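J.: In our numbering, the protein residues as written are 3 to 364. Glycine residues also receive a C-beta, built at the ideal position from the N, C-alpha and C atoms. All of these numbers come straight from a predicted model, not from anything done at the bench.
(1) Based on the DSSP output, what are the partners of residue 253 in its beta bridges?
(2) Touching or not, the segment 58-74 and the segment 35-43, by the rule of three or more beta carbon pairs under 8 angstroms?
(3) Mind checking whether residue 85 and residue 113 have CB atoms under 8 angstroms apart?
(4) Between the C-alpha atoms of residue 122 and residue 326, what's the straight-line distance to the nearest angstrom?
(5) May I ask which residues mark the beginning and end of the beta strand (DSSP E) holding residue 79?
(6) Is the Cβ of residue 322 closer than 8 angstroms to any Cβ of chain D?
(7) Could you check which residue in 315, 24, 44 has the C-alpha nearest to that of residue 134?
(8) Which ranges does the alpha helix (DSSP H) cover as unbroken runs of at least 4 residues, wholly within the segment 182-212, from first to last along the chain?
(9) At what residue ranges does the segment 6-77 contain a whole run of the alpha helix (DSSP H), taking only runs of 4 or more?
(10) When DSSP labels each residue in this structure, what does residue 291 get in the three-state scheme?
(11) Could you give the residue range of the beta strand (DSSP E) that holds residue 218?
(12) What is the DSSP secondary structure of residue 178, counted as helix, strand or coil?
(13) What's the gap between the Cα of residue 120 and the Cα of residue 188?
(14) Quick check: what's the CA-CA separation for residue 47 versus residue 106?
(15) Considering only their Cβ atoms, is the gap separating residue 317 from residue 273 smaller than 8 angstroms?
(16) Should residue 236 and residue 98 be called a contact, given that it needs their Cβ atoms to be closer than 8 angstroms?
(17) Given 8 angstroms as the limit, is there contact between the segment 72-89 and the segment 167-187, that is, 3 or more CB pairs closer than that?
(18) What did DSSP end up calling residue 286 once you bin it into helix, strand or coil?
(19) Do you know whose CA, among 26, 241, 131, lies nearest residue 139's CA?
(20) Measure the C-alpha to C-alpha separation of residue 287 and residue 323 and round it to an integer number of angstroms.
(21) Opposite residue 273 in the DSSP bridges: which residues?
(22) What does DSSP give as the partner residues of residue 223 in its beta bridges?
(23) Would you call the segment 18-34 and the segment 190-201 in contact, with 3 or more CB pairs under 8 angstroms?
(24) Relative to the C-alpha of residue 79, which residue among 16, 210, 270 is closest?
(25) Mind checking who residue 166 pairs with in its DSSP beta bridge?
(26) Can you name the residues that DSSP bridges to residue 141?
(27) Which residues bound the alpha helix (DSSP H) around residue 362?
(28) Which two residues bound the contiguous alpha helix (DSSP H) that contains residue 305?
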């Protein structure tokens, strides 16, 4: 299929408008040259900083070569979708940080309190691809939503969606970093957008705020120390020396985002999919720890949290309950009773973390 430059330019403008109609905050277009990102990716993998995330290394440099991943690709349509729930008021960052000091609170990353974003973004990106096909005719494409080996952040940078913050997340000057990203790899030579300039300057708030020191320097993240990795990606035991640093963060961590000055501009979600469910923005650890596997599966239906399973859910909460001792609830009988009720859990992983937690209260 051959389209004139004028038709391609008109199509690119239409794609951005259709994306906004589908709930995306912004849609832009990048070329596929990621050669500049390859050395950094290889060095990160060689250093083992991806931990147990073998999928990060499985496809090698295909991650940085879209045309090898999906033959025929010449452009990437990048999109972002805000996820901060409308219920979050102007002081949401301060309130989230305050909850880290509450020994009762189960702190769950903001993005995970609503519906699984993979499902939401994939459906909307597919609708966008369908709309392009109706306008331009049959074309080659593939939709990605953080579920396949695409270096989405460098692509988002190239397209101008934002810049790579020192915490390695994408920052948008008008919307901070509280958004999801997705891509459509296409064989249409659409006109590309200019990249965004970085605006972190001398700020290092995210590096200082990281509870485990996982941000080694600007743009250098050791996932093996990141709380999001430890509570979500890690399948086995959380390293004992890191457990006290998790505090009451039981699924993910937003510290590097809540301290980022740019997130004072964070935009609220426009889709109800990202509204908080089951009170996860104010839930207590003891209540969540008491969920049976059936209750967990039922309550977390359609949630990204369900992906870790009940066993790791209990593992994370056991660590949080153990850390409540350092937050002022050492020896609390309600915590002790909750932990002791899980001492005979069939999972060795759960039993070990429960035993550790009880030891923190002795």
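T.: Quick look at the numbers:
(1) The count along the chain shown starts at 1 and reaches residue 253 at position 251. Partner(s): 110.
(2) yes
(3) Counting from 1 along the chain shown, the entry for residue 85 is found at position 83. Counting from 1 along the chain shown, the entry for residue 113 is found at position 111. Yes.
(4) By 1-based counting over the chain shown, the position of residue 122 is 120. By 1-based counting over the chain shown, the position of residue 326 is 324. If you take the alpha carbons of residue 122 and residue 326, they lie about 35 angstroms apart.
(5) On the chain shown, position 77 is the one that residue 79 refers to. Run containing residue 79: 77-84, per the beta strand (DSSP E) assignment.
(6) The chain labelled as chain D is not found in the depicted structure, where only one protein chain is given.
(7) Position 132 of the chain shown, counted from the start, is the residue given in the question as residue 134. Selected option, being the one with the closest Cα: 24.
(8) 207-211
(9) 7-23, 40-48, 57-60, 68-71
(10) Within the chain shown, residue 291 is the residue found at index 289, counting from 1. Here residue 291 sits in helix by DSSP.
(11) Along the chain shown, read from residue 1 onward, the residue named residue 218 stands at position 216. Here the beta strand (DSSP E) through residue 218 covers 217-219.
(12) Residue mapping note: residue 178 aligns to position 176 of the chain shown, counting from 1. Three-state result, residue 178: strand.
(13) Against the chain shown, residue 120 aligns to sequence position 118. Against the chain shown, residue 188 aligns to sequence position 186. If I take the Cα positions, the gap works out to 20 angstroms.
(14) Residue numbering aside, residue 47 sits at position 45 when the chain shown is read from its first letter. Residue numbering aside, residue 106 sits at position 104 when the chain shown is read from its first letter. If you take the alpha carbons of residue 47 and residue 106, they lie about 38 angstroms apart.
(15) Sequence index remark: in the chain shown, residue 273 carries index 271 (1-based). Sequence index remark: in the chain shown, residue 317 carries index 315 (1-based). Not in contact: residue 273 and residue 317 (Cβ atoms no closer than 8 angstroms).
(16) Here residue 236 corresponds to residue number 234 of the chain shown, with the count starting at 1. Here residue 98 corresponds to residue number 96 of the chain shown, with the count starting at 1. Not closer than 8 angstroms, so no.
(17) yes
(18) Sequence index remark: in the chain shown, residue 286 carries index 284 (1-based). Strand at residue 286.
(19) Working through the chain shown from its first residue, we reach residue 139 at position 137. The residue with the shortest Cα to Cα distance from residue 139 is 131.
(20) Stepping through the chain shown from its first residue, residue 287 is reached at position 285. Stepping through the chain shown from its first residue, residue 323 is reached at position 321. Going by the C-alpha atoms only, they are around 7 angstroms apart.
(21) Looking up residue 273 in the chain shown gives position 271. Answer by DSSP bridge pairing: none, since residue 273 is not bridged.
(22) Numbered from its first residue, the chain shown carries residue 223 at position 221. Beta-bridge pairing links residue 223 to 217.
(23) yes
(24) Your numbering for residue 79 matches position 77 in the chain shown. Nearest option by C-alpha distance: 16.
(25) Residue 166 sits at position 164 when you count from the first residue of the chain shown. In the DSSP output, where bridge partners are listed per residue, residue 166 has 172.
(26) One-based indexing of the chain shown puts residue 141 at position 139. Paired residues: none, contrary to the question.
(27) For the purposes of this step, residue 362 is identified with residue 360 of the chain shown, where counting begins at 1. First-last of the alpha helix (DSSP H) with residue 362: 350-362.
(28) By one-based count along the chain shown, residue 305 stands at place 303. Segment: none, residue 305 is in no alpha helix (DSSP H) and carries neither H nor E.
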